[in-house]
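Q:
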Amino acid sequence: PDPRHITSMIEIMNGDLKKSIMIGDSENDSEAAKSAGIPMILLEDGYTEKKVDQIYHNHLIKDFVGLEKIISKYLND
Numbered sequence: 012p013d014p015r016h017i018t019s020m021i022e023i024m025n026g027d028l029k030k031s032i033m034i035g036d037s038e039n040d041s042e043a044a045k046s047a048g049i050p051m052i053l054l055e056d057g058y059t060e061k062k063v064d065q066i067y068h069n070h071l072i073k074d075f076v077g078l079e080k081i082i083s084k085y086l087n088d
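Going by this note's numbering, the sequence shown opens with residue 12, and the numbers climb by one from there.
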């Protein structure tokens with residue numbers, strides 16, 4: 012997938028691509044993040060028939076509990 016829907020949104024919000032993270036639940040989200048060069052947090056049991064090991068991701072979560080710890084790691088690097 013084309014990463015421009017992610018990169019354009021970050022640009023519109025005056026964000027920093029180097030401090031951006033994609034949270035998604037499918038291979039489309041994952042491939043867009045990969046194409047944009049940003050980390051991907053994959054939510055288990057998302058809108059996909061693929062297994063999680065078939066989808067690019069840097070982190071795998073079941074719910075959003077503890078998400079702030081993952082995100083703060085990237086913000087503090």
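Note that the Cβ used here is the ideal one computed from N, Cα and C, for glycine as well.
In the DSSP assignment, what are the bridge partners of Met33?
A: Its beta-bridge partners are Met51.
Q: Where does His16 land, buried or exposed, given buried means 16+ other C-beta within 10 angstroms?
A: Per the 10 Å Cβ criterion, exposed.
Q: With DSSP as the reference, identify every bridge partner of Ile81, one or two as the case may be.
A: Answer is none; Ile81 lacks a bridge partner.
Q: Distance, Cα to Cα, Asp64 vs Gly57?
A: For Asp64 and Gly57, the distance between alpha carbons rounds to 13 Å.
Q: Determine the closest residue to Val124 out of Asn39, Ile52, Gly26, Leu28, with distance taken between C-alpha atoms.
A: Nothing can be reported for residue 124: it is not among the residues displayed for the chain, which extend from 12 to 88.
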